[in-house]
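One structure is given below, encoded as structure tokens.
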């Protein structure tokens, strides 16, 4: 059971009600309903995550690769479960998801493997000049900022999910770290 109640959108001031609803699912989701206990934080979190989605310099597939990596490295079942579906819709295969969960970037082409290596280094606070220069040479400074922020933004969200013990939505079973199983 979550450590805070899941807030019903109708119990929030009107300007916050839509923030509990997932834009992708069209219904309230537990992570936002938990954050609804502090509507200002919910609003800020949603704005921050939206900026990461829209302005990271990545396409949908690349964005999902980074989010799945952050979810796996943080052991965040809720985040992983949500992004297995979202990632699949963005073209990430179940084989690729399993490889990410295993920390195996060999299944990816050179460009995506570099993206995952850079995100992995950012998550581990191990970005050095060599990986940064390689990444920026292939992409640009703006995308380096976007990737580091995206990976660590989802690390922050994973910490909140863990602290609040946010559960999967009713009736859902964990997709598994290897969604092929």
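Numbering (our numbering), first residue to last: 84 to 264. Even glycine gets a Cβ: it sits at the ideal position worked out from N, Cα and C. These numbers come from a predicted model, not from an experiment.
Legend entry - Selected residue, minimal CA-CA separation from residue 198, among 185, 217, 207 and 181: As a position in the chain shown, residue 198 is number 115, starting the count at 1. Comparing Cα positions, the closest option is 217.
Legend entry - Under the three-state DSSP convention, the category residue 111 falls into: As a working mapping, residue 111 is identified with position 28 in the chain shown. Here residue 111 sits in strand by DSSP.
Inset, instruction - Look at the alpha carbon of residue 255 and the alpha carbon of residue 165, and state the distance between them as a whole number of angstroms. - result: Counted from its first residue, the chain shown places residue 255 at position 172. Counted from its first residue, the chain shown places residue 165 at position 82. Computed Cα separation, rounded: 10 Å.
Legend entry - Residues bridged to residue 103 [DSSP beta-bridge criterion]: Within the chain shown, the letter at position 20 stands for residue 103. Looking at the DSSP assignment, residue 103 forms no beta bridge with any residue, so it has no partner.
Legend entry - C-beta atoms of residue 111 and residue 124 nearer than 7 Å: Taking the first residue of the chain shown as 1, we reach residue 111 at position 28. Taking the first residue of the chain shown as 1, we reach residue 124 at position 41. In this structure, residue 111 sits away from residue 124, with a CB-CB distance that is not shorter than 7 Å.
Inset, instruction - Ignore the nearest five residues each way along the sequence and tell me which others in residue 221's own chain have a CB closer than 7 Å to its CB. - result: Mapped onto the chain shown, residue 221 falls at position 138. The residues 194 and 197, in chain order, have a CB closer than 7 Å to that of residue 221 in the same chain once the five nearest residues on each side in sequence are set aside.
Legend entry - C-beta atoms of residue 149 and residue 233 nearer than 7 Å: For the purposes of this step, residue 149 is taken as residue 66 along the chain shown, with counting starting at 1. For the purposes of this step, residue 233 is taken as residue 150 along the chain shown, with counting starting at 1. Yes, they are a contact pair.
Legend entry - Any 3 or more C-beta pairs closer than 8 Å across the segment 255-264 and the segment 174-182: Flag = yes, the segment 255-264 and the segment 174-182 touch.
Inset, instruction - Please look up how many angstroms separate the CB atoms of residue 170 and residue 151, rounded, as I've assumed it's under 8 Å. - result: Sequence index remark: in the chain shown, residue 170 carries index 87 (1-based). Sequence index remark: in the chain shown, residue 151 carries index 68 (1-based). Residue 170 to residue 151, Cβ: 5 Å. Contact.
Legend entry - Counted within 10 angstroms of its Cβ, other Cβ atoms place residue 242 as buried (16 or more) or exposed: Translated into the one-based positions of the chain shown, residue 242 becomes position 159. Label assigned to residue 242: exposed.
Legend entry - Selected residue, minimal CA-CA separation from residue 122, among 100, 138 and 107: Locating residue 122 in the chain shown gives position 39, counting from the first residue. Checking every option, the nearest Cα to that of residue 122 belongs to 100.
Legend entry - residue 210 versus residue 231: straight-line alpha-carbon distance, rounded: Translated into the one-based positions of the chain shown, residue 210 becomes position 127. Translated into the one-based positions of the chain shown, residue 231 becomes position 148. Distance from the CA of residue 210 to the CA of residue 231, rounded to the nearest whole angstrom, comes to 9 Å.
Inset, instruction - For the alpha helix (DSSP H) holding residue 127, just list the boundary residues, first then last. - result: As a first step, residue 127 is located in the chain shown; it is residue number 44 there, counting from the start. Its alpha helix (DSSP H) spans residues 122-138.
Inset, instruction - Mark residue 158 as exposed unless 16 or more other C-beta atoms lie within 10 angstroms of its C-beta, in which case mark it buried. - result: Reading the chain shown from its first residue, position 75 is the one you call residue 158. Exposed is the call here.
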